[in-house]
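Counting along the sequence shown from 1, when you hit position 455 you're at 455 in this note's numbering, and nothing is skipped either side.
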Amino acid sequence: MFKHKGAHQYTWYQDTLGRRSMIDLVVMSSDLRPHVLDTRVKRGAELSTDHYLVERLADPSVRGVFNSHLRESFNRIPREVGDIESEWTMFSSSIVDAAIRSCGRKVSGAGRGGNPQTQWWTLEVRDAVKLKKESYRAWLARGTPEAAEAYRQAKRTTAVVVSEAKTRIWEEFGEAMEKDYRTASGKFWQTIRRLRRGKQLSANTVYSGGGELLASTRDIVGQWKEYFEDLLNPTDTSSVEEPEAEDSEVDSFITQAEVTEVVQQLLGGKALGVDEICPEYLKSLDVVGLSWLTHLCNIAWRSGTVPLDWATGVVIPLFKKGDRRACCNYRGITLLSLPGKVYSRVLERRVRPLVEPRIQEEQCGFRPSRGTLDQLYTLHRVLEGSWEFAQPVHMCFVDLEKAFDRVPRGILWEVLWESLYNRSRSLVRIASCKSDLFPVHVVLRQGCPLSPVLFIVFMDRISRRSQGLEGVRFGDHRISSLIFADDVVLLAPSSLDLQHALGCFAAECEAAGMRVSTSKSEAMVLNRKKVACTLQVGGEVLPQVEEFKYLGVLFKSEGRMDLEIDRWIGAAAAVMRSMYRSVVVKKELSQKAKLSIYQSIYVPTLTYGHELWVMTKRVRSQIQAAKMSFLRRVAGRSLRDRVRSSVTWEELGVEPLLLHIERGQLRWLGHLFRMPPGRLPGEVFRACPTGKRPRGRPRTRWRDYVSRLAWERLGVPKEKLEEVSGEREVWASLLRLLPPRPGSG
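In structure tokens form, the structure reads like this:
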């Protein structure tokens with residue numbers, strides 16, 4: 001009666017055997033057909049279940065039924081329930097039951113069974129390969145010219161059949177991608193991410209703590225539990241006295257407006273926690289449902305405790321690199337209860353205004369109006385100015401061992417709501433198998449909205465206690481460190497001062513239960529003459545390097561960034577190679593879909609950190625060539641067609657990449673001029689380094705380059721730059737009207 005693709009009909013799946021089935025459907029008589037509603041399976045729901053949800057909550061009528069069922073449950077509960085667990089049990093069971101009653105579940109049937117084959121392996125291909133093998137055996141047995149000719153013919157036929165099958169599958173893949181781009185953008189981008197990652201192999205075995213290879217599911221799950229239990233509960237963390245919490249003005253009840261605002265900002269399609277409540281459930285709540293959720297948050301607020309489900313995390317191991325059978329080569333991410341995250345977000349919004357003014361300017365991680373560019377520019381400007389005036393800069397790039405997982409609880413009580421942490425526990429999920437629960441005593445909750453602000457408070461305490469050294473002098477400022485979350489750069493004018501700073505920092509880390517990773521921390525010196533910088537932590541010597549990648553940008557001991565641009569051009573080429581056959585040259589995929597990939601993935605990769613570049617004629621030529629290598633393939637052309645680049649990008653309706661880069665550089669220039677006093681990037685931008693310039697032609701400074709760019713492209717002289725860029729709207733309108741360079745692409 002209703003026609004759907006098989007993938008939208010199956011509601012039960014078993015990945016290991018490749019089975020699909022329809023086991024929850026109801027058989028009805030034909031006279032009831034007018035009362036049957038057409039729907040389809042919601043695929044990819046992460047519910048720790050082997051059933052697919054039905055996608056219907058987006059329908060207003062279904063949403064009304066959902067809230068009607070939820071309202072019935074809300075009206076049945078007593079006004080004073082009592083403890084938080086009873087209230088939570090009724091809420092969670094009611095919302096899941098309302099979703100099932102309004103949406104239902106779909107289930108699925110016997111699939112292909114056995115071992116899954118590649119998509120192009122059809123019956124026709126199988127028969128052709130079988131005939132080729134038989135012809136080969138006949139040729140071996142007889143050895144006659146006729147048998148040899150028959151085998152050659154069978155080989156040619158098989159090659160043609162396989163080629164046609166593969167071509168057909170690629171065409172179907174392109175058509176499906178185009179359809180997803182138009183109707184299911186989430187699925188489209190999920191496929192793009194999978195193509196970029198390449199083939200991901202799964203490990204069916206892991207090593208035990210003693211190095212023994214484990215193969216059974218029970219042993220593997222047990223080993224993962226043991227690994228994460230040890231990781232999240234280290235025994236070498238120091239005992240820190242819990243300070244008394246200060247009184248604050250955030251003791252009022254949680255309002256429904258606060259909860260509603262947080263719920264409206266939830267993103268759909270996210271992995272679920274232990275309670276299996278998805279974002280769509282909460283986003284579909286009406287006033288009654290939101291008031292119930294607000295009531296639940298206020299019970300937690302008044303009682304100082306939260307439901308156990310809110311304190312329970314589901315740990316999923318994600319492979320990083322190395323041997324897939326070694327647990328240490330995986331990073332665990334923790335999935336938390338969504339209503340619990342709503343509660344945490346409300347607390348974070350209340351605690352953020354109290355914490356933000358107390359954090360040092362050197363910290364830019366997890367803070368509003370700050371990002372990686374602030375730290376990158378500050379470090380770049382310090383190195384640029386120090387090189388110009390021949391002032392040495394000794395740096396130590398510090399790496400902390402599993403920093404987010406080693407934060408002791410005691411340090412966080414000033415701003416931490418104990419209710420979310422005093423009963424913290426986790427379990428590990430591997431495929432569809434779950435381990436037993438285990439307590440978590442040390443670690444910030446990954447995925448919790450409170451964790452970032454608590455972590456920067458923790459790092460700020462370490463930074464403050466390890467200060468007191470002069471640092472690098474830059475104009476009227478002294479800069480001793482730059483911190484972005486747990487990425488730390490210590491700066492000093494000499495190796496002796498740097499060793500002192502590193503020793504103090506490492507000691508404070510040890511006192512706080514953290515360790516400096518001596519295998520990943522490195523030293524680097526900016527100096528016109530090669531000098532040694534020997535640093536030690538705990539008796540181990542840190543390696544001295546000539547270059548270091550900080551926040552994605554490669555800094556060199558000579559202070560140059562020429563090779564950094566070459567590196568990002570290579571990274572962009574790797575992006576194109578990873579999607580070349582499946583996306584870039586796929587005729588079934590529209591130019592609009594390909595250009596969305598160009599704008600969303602290729603351009604950000606190619607131009608990362610472009611605000612700091614000094615564009616020369618050579619660099620512009622390289623950027624132009626890298627851009628056109630992608631756009632020509634989108635347009636179905638090659639260099640042999642001898643079509644001008646400007647014609648190609650005008651036909652595709654793409655903004656010239658050089659215009660995008662120059663606009664970004666001028667935008668950052670205006671941002672620096674408008675920065676309030678005290679902001680570190682603005683201070684080093686205005687500062688003039690001390691010292692004496694050595695002989696020889698100086699390098700082009702970024703400020704000189706971008707000031708000349710503003711004069712050439714906007715007609716704003718250097719002496720008027722601060723005045724014009726100080727008016728944000730005026731500056732933004734000038735950048736919007738910025739035309740492409742004549743003859744540029």
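Note that beta-carbon positions come from the ideal geometry of N, C-alpha and C, so glycine has one too. These figures come from a predicted structure and were not determined experimentally.
- In the three-state reduction of the DSSP assignment, S638 falls in the coil class.
- Relative to the Cα of L496, the nearest Cα in the group L454, V545, V393 belongs to V393.
- Taking each of L639, I192, P449, A165 in turn and checking the Cα distance to E178, the smallest one comes out for I192.
- In the DSSP assignment, C433 forms a beta bridge with I430.
- Rounded to the nearest angstrom, the gap between the Cα atoms of K586 and Q622 is 26 angstroms.
- DSSP places I483 inside the beta strand (DSSP E), whose first and last residues are 481-484.
- In terms of Cβ geometry, V619 and T700 do not form a close pair [threshold 8 angstroms].
- In this structure, the beta-carbon distance from V221 to S519 does not fall below 8 angstroms.
- When rounded, the separation of the alpha-carbon atoms in W120 and R126 is 10 angstroms.
- Taking 8 angstroms as the cut-off, the Cβ atoms of F673 and S725 count as close.
- Of the candidates A506, H660, G696, K132, the residue whose Cα lies closest to the Cα of A150 is K132.
- Here G475 really is in contact with P689; their C-beta atoms are around 6 angstroms apart, less than 8 angstroms.
- Bridge partners of M524 according to DSSP: M395.
- Residue pairing of L490 in beta bridges, as defined by DSSP: C396, S481.
- Below 8 angstroms, enough C-beta pairs join the stretch 374-381 and the stretch 680-688 to call them touching: three or more.
- Counting only runs of at least 3 residues, the stretch 658-742 fully encloses no beta strand (DSSP E) element at all.
- Between the stretch 141-161 and the stretch 557-568 there are fewer than three inter-stretch CB-CB distances shorter than 8 angstroms, so the stretches are not counted as touching.
- For V206, DSSP records a beta bridge to L214.
- Beta-bridge partners assigned by DSSP to P317: G332.
- Relative to the Cα of G503, the nearest Cα in the group E540, K529, R478 belongs to E540.
- In the structure shown, K627 falls within a helical segment according to DSSP collapsed to helix, strand and coil.
- Every unbroken stretch of the alpha helix (DSSP H) spanning 4 or more residues and falling wholly within the stretch 127-201 is given here in chain order: 145-183, 185-197.
- For Y281, the enclosing alpha helix (DSSP H) starts and ends at 279-283.
- K320 has its alpha-carbon roughly 12 angstroms from the corresponding atom of R197.
- Per DSSP, reduced to three states, the secondary structure at F474 is strand.
- Counting only runs of at least 4 residues, the stretch 492-571 fully encloses the following alpha helix (DSSP H) elements, listed from N- to C-terminal order: 495-511.
- Taken through DSSP and simplified to helix, strand or coil, Q256 comes out as helix.
- Beta-bridge partners of T312 (DSSP): R425.
- Looking at the DSSP output, P439 sits in a beta bridge with R425.
- Taken through DSSP and simplified to helix, strand or coil, Q375 comes out as helix.
- Apart from sequence neighbours up to five positions away, the residues of its chain that approach A311 with a beta-carbon distance below 6 angstroms are R423, S424, ordered along the chain.
- Rounded to whole angstroms, R429 and L354 show a C-alpha spacing of 37 angstroms.
- The beta carbons of G269 and K283 sit no closer together than 8 angstroms.
- In this structure, DSSP gives Q223 a helical state, which the three-state scheme calls helix.
- Sequence-distant partners of V654 (beyond 5 residues in either direction) whose C-beta falls short of 7 angstroms from its own C-beta, in its chain, are L595, L631.
- Within a 10 Å sphere around the beta-carbon of S102 sit 16 or more other beta-carbons, which makes this residue buried.
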